[in-house]
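So the mapping is simple: the numbering used here equals the position in the sequence shown, first residue as 1, plus 36. Take a look at the structure set out below.
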Amino acid sequence: MTPRPLKVIFTGADGYIGAVLGPKLLDAGYAAVGIDTGFYRRGWLFDDRRTRPMVLTKDTREIAREDLDGAYAVIHLAELSNDPLGEQDQGLTFEINHHTSVRLARLCREAGVRRFVYASSCSIYGAGGSDARTEESSVNPQTAYARCKVLVERDVKTLATPTFAPVFLRNATAFGASPRQRFDLVLNNLAGWAWTTKQIRMTSDGSPWRPLVHVDDLCQAILCALKAPHEAVAGEAFNVGADEQNYRIREIAEVVNETFPDCRLSLGNSDGDSRSYRVSFEKIRAHMPEFKCRWSLEHGAAQLRLIFERVGLTEEVFKAPPFTRLAELRYLKDSRQLGQDLRWVDLPDHADIASICLKSGQDASFGEMTATGSGQAMLKVGSL
Ligand SMILES: NC(=O)c1ccc[n+]([C@@H]2O[C@H](COP(=O)([O-])OP(=O)(O)OC[C@H]3O[C@@H](n4cnc5c(N)ncnc54)[C@H](O)[C@@H]3O)[C@@H](O)[C@H]2O)c1
37 MTPRPLKVIF TGADGYIGAV LGPKLLDAGY AAVGIDTGFY RRGWLFDDRR
87 TRPMVLTKDT REIAREDLDG AYAVIHLAEL SNDPLGEQDQ GLTFEINHHT
137 SVRLARLCRE AGVRRFVYAS SCSIYGAGGS DARTEESSVN PQTAYARCKV
187 LVERDVKTLA TPTFAPVFLR NATAFGASPR QRFDLVLNNL AGWAWTTKQI
237 RMTSDGSPWR PLVHVDDLCQ AILCALKAPH EAVAGEAFNV GADEQNYRIR
287 EIAEVVNETF PDCRLSLGNS DGDSRSYRVS FEKIRAHMPE FKCRWSLEHG
337 AAQLRLIFER VGLTEEVFKA PPFTRLAELR YLKDSRQLGQ DLRWVDLPDH
387 ADIASICLKS GQDASFGEMT ATGSGQAMLK VGSL
């Protein structure tokens with residue numbers, strides 16, 4: 037009899053990494069189920085024609101123990117996912133990224149989940165200088181986003197037991213194609229500028245160090261963390277990337293320029309970004325020997341170029357909010373689809389709509405109703 041596939045739940049399924057990870061989990065034979073509240077679902081850059089797991093639409097703050105029943109592992113990706121986003125409302129960042137992540141890990145342990153793979157970040161090294169940071173190095177987080185990653189690691193590590201293995205993957209900055217594309221990541225951003233405007237615009241003076249990793253390789257690290265023996269990973273943090281993929285921002289821009297020739301390179305301010313860190317990836321090689329980065333920066337840039345050609349990427353699409361996390365959340369809040377607490381505002385149901393129609397003395401279309409209806413009806417319709 038063939039054994040039943042192991043159930044793996046992954047949060048953030050509809051994000052940049054999640055959209056690449058889902059099909060890979062199925063390919064690897066897991067019974068994968070996603071959870072995501074769907075902040076960026078308007079953004080779908082291309083169809084990769086992969087079979088995708090089912091996704092439960094749910095805010096991680098509402099996850100209950102029953103949602104985790106029967107899961108062998110939980111991969112936790114769903115957070116406010118970069119530094120500028122985390123700075124917008126630091127209280128909320130701590131609520132979603134720190135408290136909710138720790139709560140989820142506790143629920144996992146209670147529910148008998150055996151492995152909790154957490155998407156941490158190399159950005160915890162912050163202003164780290166030019167010596168390569170190891171997992172033993174001190175951290176120096178510069179933002180609320182990075183501080184939350186440090187706090188989650190600290191708090192969740194204490195939950196480890198002989199049957200519950202939390203693993204912290206300190207990912208380098210990702211690059212490469214995902215259907216739920218992000219253009220707010222450095223290589224993707226510079227490539228997008230290059231293709232749509234023939235300019236490669238750096239926001240810093242080009243000197244900060246950044247380790248990079250292709251999104252496919254990052255997913256491979258997650259698969260390795262699922263399969264590794266308990267004792268090799270339980271309570272451990274791993275930098276995810278490759279030693280040869282530590283770059284200065286201007287070197288990344290130069291690689292982009294080779295793939296998108298004849299562009300003009302422009303620099304930002306030297307004080308634009310205090311984050312700069314080089315990272316050592318020796319530990320992941322030692323503990324998870326199957327992990328190896330296959331994608332170089334050059335290949336990642338070439339992949340993006342192919343996708344841009346295929347979808348005919350325009351400047352308008354490149355700059356569209358769904359592909360820039362901060363801009364999309366601003367749009368959803370400004371249009372009152374999300375509240376200030378980043379919870380969805382319910383759409384009126386049939387009873388609400390009927391009551392609006394009744395109050396406005398109309399039984400006709402919304403267009404007529406908003407034109408002639410009562411102030412209350414207009415206000416309600418305006419806040420849909
Ligand atoms: N992309 C990178 O370069 C990178 C590098 C290091 C670490 N990470 C971490 O990996 C994780 C995933 O990154 P990504 O690039 O896919 O980000 P993303 O923003 O593309 O995806 C995050 C997903 O989480 C969901 N989400 C956010 N808050 C939620 C909530 N409260 N409830 C339910 N769903 C929620 C969003 O809807 C989104 O689909 C994040 O934790 C991020 O910090 C990413």
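Ideal Cβ positions, reconstructed from N, Cα and C, are used throughout, including at glycine.
Beta-carbon spacing of residue i, residue j below 9 Å
i: THR199; j: GLY148; result: yes
i: PHE75; j: LEU303; result: no
i: LEU254; j: VAL153; result: no
i: LEU301; j: MET238; result: yes
i: HIS323; j: ARG150; result: no
i: HIS112; j: PHE46; result: yes
i: ARG437; j: GLY162; result: Because the chain is modelled from 37 through 420, residue 437 falls outside the range shown and cannot be assessed.
i: THR233; j: GLU352; result: no
i: SER156; j: ALA49; result: no
i: ILE285; j: VAL222; result: yes
i: CYS158; j: TYR313; result: yes
i: ASP95; j: ARG361; result: no
i: PRO39; j: ALA67; result: no
i: VAL44; j: ALA107; result: yes
i: ALA230; j: LEU81; result: no
i: ARG169; j: THR209; result: no
i: VAL69; j: VAL91; result: yes
i: ARG77; j: PRO59; result: no
i: PHE359; j: ASP220; result: yes
i: PHE317; j: ALA264; result: no
i: GLY127; j: THR179; result: no
Buried versus exposed, by CB contacts within 10 Å (16 or more), residue i
i: THR129; result: buried
i: ASN207; result: buried
i: GLN235; result: exposed
i: VAL315; result: buried
i: THR295; result: buried
i: GLY242; result: buried
i: ASN118; result: buried
i: GLU345; result: exposed
i: ALA25; result: Residue 25 is absent from the structure shown; the chain starts at 37 and stops at 420.
i: ASN282; result: buried
i: SER174; result: exposed
i: ASN225; result: buried
i: MET37; result: exposed
i: GLN376; result: exposed
i: GLU280; result: exposed
i: PRO325; result: exposed
Whole-Å CB distance - residue i paired with residue j, under 8 Å assumed
i: ILE160; j: ALA114; result: About 18 Å separates the two Cβ atoms, so there is no contact after all.
i: ALA55; j: ARG216; result: 4 Å
i: ALA257; j: VAL269; result: Incorrect: roughly 11 Å between the Cβ atoms, too far for contact.
i: PHE211; j: LEU248; result: 5 Å
i: LEU116; j: TYR52; result: In fact, because the Cβ distance is near 13 Å, the residues do not count as touching under 8 Å.
i: PHE354; j: GLY228; result: 4 Å
i: VAL292; j: ALA338; result: Their Cβ separation, rounded to whole angstroms, is 11 Å, which puts VAL292 and ALA338 out of contact at 8 Å.
i: PHE327; j: CYS393; result: Not confirmed; about 59 Å, so no contact.
Residue i: CB within 8 Å of a non-hydrogen atom of ligand 3
i: TYR66; result: Ligand 3 is not among the ligands present in this structure, which contains only ligand 1.
Just list the alpha helix (DSSP H) runs in the stretch 154-216, keeping only unbroken ones of 4 residues or longer that don't cross its boundaries, in chain order. Listed in chain order, the complete alpha helix (DSSP H) runs (minimum 4 residues) inside the stretch 154-216 are 180-193.
Which runs of the beta strand (DSSP E) fall wholly inside the stretch 240-276 and span at least 3 residues, in chain order? For secondary structure counted as the beta strand (DSSP E) over 3 or more consecutive residues, the stretch 240-276 holds these complete runs in sequence order: 245-250 and 272-276.
Which runs of the alpha helix (DSSP H) at least 4 residues long sit entirely within the stretch 289-341? Give them in chain order. Here the runs fully enclosed are 318-323.
Return the chain-ordered ranges of every beta strand (DSSP E) run that is complete within the stretch 53-82 and spans a minimum of 3 residues. Runs of the beta strand (DSSP E) spanning 3 or more residues and lying entirely within the stretch 53-82 occur at 67-72, in chain order.
Please list the segments of the beta strand (DSSP E) lying wholly inside the stretch 76-127, counting only runs of 3 or more residues, in order along the chain. Here the runs fully enclosed are 90-93 and 109-112.
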